[in-house]
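From first to last, the protein sequence lines stand for chains X and H.
Note that the working numbering has the first sequence beginning at 562, numbered continuously upward.
Note that the working numbering has the second sequence beginning at 562, numbered continuously upward.
2 protein chains.
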Amino acid sequence: MLSKNEVKYIQSLCHKKQRNETGLFIAEGPKLAEEILVSNYIVEKIYALPEWIKKNNNINAAEITEKELNQISQLQTPNEILLIVKQSSVDFEPILKNNFTVVLDDIQDPGNLGTIIRLCDWFGVQQIICSNNTVELYNSKVIQSTMGSFVNVKICYKNLIDFFNSNKNIVVLGAVLNGINVHEVAKPKEAILLIGNEGKGISNDLLPFINKKITIPKKGKAESLNAAMATGILLSHLT
Amino acid sequence: MLSKNEVKYIQSLCHKKQRNETGLFIAEGPKLAEEILVSNYIVEKIYALPEWIKKNNNINAAEITEKELNQISQLQTPNEILLIVKQSSVDFEPILKNNFTVVLDDIQDPGNLGTIIRLCDWFGVQQIICSNNTVELYNSKVIQSTMGSFVNVKICYKNLIDFFNSNKNIVVLGAVLNGINVHEVAKPKEAILLIGNEGKGISNDLLPFINKKITIPKKGKAESLNAAMATGILLSHLT
Chain X
562 MLSKNEVKYI
572 QSLCHKKQRN
582 ETGLFIAEGP
592 KLAEEILVSN
602 YIVEKIYALP
612 EWIKKNNNIN
622 AAEITEKELN
632 QISQLQTPNE
642 ILLIVKQSSV
652 DFEPILKNNF
662 TVVLDDIQDP
672 GNLGTIIRLC
682 DWFGVQQIIC
692 SNNTVELYNS
702 KVIQSTMGSF
712 VNVKICYKNL
722 IDFFNSNKNI
732 VVLGAVLNGI
742 NVHEVAKPKE
752 AILLIGNEGK
762 GISNDLLPFI
772 NKKITIPKKG
782 KAESLNAAMA
792 TGILLSHLT
Chain H
562 MLSKNEVKYI
572 QSLCHKKQRN
582 ETGLFIAEGP
592 KLAEEILVSN
602 YIVEKIYALP
612 EWIKKNNNIN
622 AAEITEKELN
632 QISQLQTPNE
642 ILLIVKQSSV
652 DFEPILKNNF
662 TVVLDDIQDP
672 GNLGTIIRLC
682 DWFGVQQIIC
692 SNNTVELYNS
702 KVIQSTMGSF
712 VNVKICYKNL
722 IDFFNSNKNI
732 VVLGAVLNGI
742 NVHEVAKPKE
752 AILLIGNEGK
762 GISNDLLPFI
772 NKKITIPKKG
782 KAESLNAAMA
792 TGILLSHLT
């Protein structure tokens, strides 16, 4: 049985401050559990319903009731298992040479960041560089919407002006509304794809670093595409 | 001021049964209002905050308070204006000749249907045929996530087996996990793109109607792409 303090402690991990202080985050559901358990992530604790434990009896988990899972889960529909996992570093030096890299300028919506991570995993993009104001990777909505792909893609946070200033030898493709038709851009061997904020697009400060502005041609009337959707379509053409 | 009965009546339109009986639906926010007001849709009633009315003083709207908008809105963050709109028919004969048509087999998630409508509008696809079990167009989550694009795309609901049986002369491209690389498929002048359910894919009953199975090639490890994302990427290659 979970103590009141344990419940409070797990619930507190929905706050960024608490995640930062403890260096932990929450992941839920059998699919994410499966991905995390075979990854390099260190699992601190597993809470699971009897049915999950029965199917995974080689894994050490604390058995809880459905009522207890409802108390600690951050999902609308709790799903068998909740893991408390150690964060890995989001500060490393990406290898840009011979690589395709995605750079995100202030993506705010957790679902969008999670979807972009899943897309990068699908298209074999192995690293994402986020501006410091991009939504936090360990936000549980981000983690859940990656569908587990965060274990396969390296993600770091940086001051993007400093980053672009120190990496002027790599071609930067910027996703904008009035650039070259992406169908006419050759697949690059190495490049950076820069994606802007959902509402404001790419910051003015970063525009001078773009070598080629690219666009998904519009044939109908819709005003825009969602940032994650645009990323997916561009990756499909460029990778 | 809104009467209790009026509030109840508007709230009741969040239920499909009530929408069917009245033939009405709800749309919210200035962006959707703008699209609907210049479209063929007939607006039954507009409820708006004073700031919206000030900016649009040529339009006849009932002024309500923020508190009242909170009561009738179906959004987490109500946004200035709520419209009650007459549904248009979702039963018509699509023109397949010289057209690119999207057919949806039991898409369940309202956000996915809305996103697919927005994508079709972006890529100039003018008609979508939904299976009878696809989520209802006038569900307010669908309407909101189209970002207004539902006014530009014709959408009908049909028994898909009957539909395919009567239209055997049009090429059907089916989105599957083990088909031809979509990069190798020529842009068709006329075709149907068939998209399956989020979890189950394309129904077994419909597989025999597919002329060409197509796939978005995977280079990384992610297990799948979201149905709306896959539709967007395929449309970008095929239209």
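Idealized CB from N, CA, C, for every residue including glycine.
Bear in mind that the values here come from a model prediction, so they are computed numbers and not experimental data.
- Taking CB atoms only, residue 787 of chain X has a neighbour in chain H less than 8 Å away.
- Judged by their CB atoms, residue 780 of chain X and residue 709 of chain X are not nearer to each other than the 8 Å cut-off.
- Taking residue 627 of chain X as reference, the option from X/730, X/608, X/795 with the minimal CA-CA separation is X/608.
- Within the segment 576-604 of chain H, the complete alpha helix (DSSP H) segments at least 4 residues long are 577-583, 591-598, listed from N- to C-terminus.
- Residue 702 of chain X and residue 669 of chain X have their C-alpha atoms some 12 Å from each other.
- With a cut-off of 8 Å on Cβ pairs, the segment 746-758 of chain X is in contact with the segment 721-735 of chain X, counting three or more such pairs.
- For residue 636 of chain X and residue 704 of chain X, the gap between their C-alpha atoms comes out near 12 Å.
- In this structure, residue 642 of chain X and residue 594 of chain X form a Cβ contact; the two beta carbons are roughly 5 Å apart against a cut-off of 8 Å.
- Chain H has no Cβ within less than 8 Å of the Cβ of residue 762 of chain X.
- For residue 693 of chain X, the closest alpha carbon among the candidates X/794, X/687, X/718, X/711 is that of X/718.
- Relative to residue 566 of chain H, the option among H/632, H/676, H/798 whose CA is nearest is H/632.
- With a threshold of 8 Å between beta carbons, residue 782 of chain H makes contact with chain X.
- Under the three-state reduction of DSSP output, residue 705 of chain X falls in the helix class.
- Cβ contact annotation for residue 588 of chain X (same chain, cutoff 8 Å, sequence separation greater than five): 594, 597, 643, 644, 646, 701, 704, 705, in chain order.
- Check the Cα spacing between residue 759 of chain X and each of X/773, X/787, X/770: the tightest is with X/787.
- Counting along the chain, residue 733 of chain X sits inside no alpha helix (DSSP H); it lies in the beta strand (DSSP E) bounded by residues 733-742.
- DSSP, read as helix, strand or coil, puts residue 646 of chain X in strand.
- Under the DSSP assignment, residue 573 of chain H falls outside any beta strand (DSSP E), being part of the alpha helix (DSSP H) whose first and last residues are 565-573.
- For residue 665 of chain H, the uninterrupted beta strand (DSSP E) segment begins and ends at 661-665.
- Residues of the same chain with a CB within less than 7 Å of the CB of residue 584 of chain X, apart from the 5 flanking positions on each side, are 647, 648 in chain order.
- In this structure, residue 711 of chain H and residue 678 of chain H form a Cβ contact; the two beta carbons are roughly 5 Å apart against a cut-off of 8 Å.
- Taking 8 Å as the cut-off, the Cβ atoms of residue 777 of chain X and residue 794 of chain X count as close.
- Residues of chain X with a Cβ closer than 7 Å to the Cβ of residue 777 of chain H are, in chain order, 797.
- Residue 800 of chain H belongs to the set of residues whose beta carbon lies under 8 Å from a beta carbon in chain X.
- If the five residues before and after residue 715 of chain X are omitted, its C-beta is found closer than 8 Å to the C-beta atoms of 653, 655, 687, 688, 689, all from its own chain and listed in chain order.
- Under the DSSP assignment, residue 632 of chain X falls in the alpha helix (DSSP H) whose first and last residues are 627-633.
- Contact annotation: residue 667 of chain X and residue 707 of chain X have beta-carbon atoms that are not nearer than 8 Å.
- Distances from the alpha-carbon of residue 722 of chain H to those of H/765, H/586, H/625 put H/765 closest.
- One alpha carbon belongs to residue 680 of chain X, the other to residue 619 of chain H, and they sit about 45 Å apart.
- In the structure shown, residue 673 of chain X adopts helical secondary structure according to DSSP, grouped into three states.
- Separation of residue 684 of chain H and residue 729 of chain H (C-alpha to C-alpha, rounded to the nearest whole angstrom) is 25 Å.
- In this structure, residue 737 of chain H lies away from residue 773 of chain H, with their beta-carbon atoms at least 8 Å apart.
- In this structure residue 789 of chain X is not in contact with residue 682 of chain H, their Cβ atoms being roughly 17 Å apart against a cut-off of 8 Å.
- In the structure shown, residue 615 of chain X adopts helical secondary structure according to DSSP, grouped into three states.
- For residue 685 of chain X, a Cβ of chain H is located within less than 8 Å of the residue's own Cβ.
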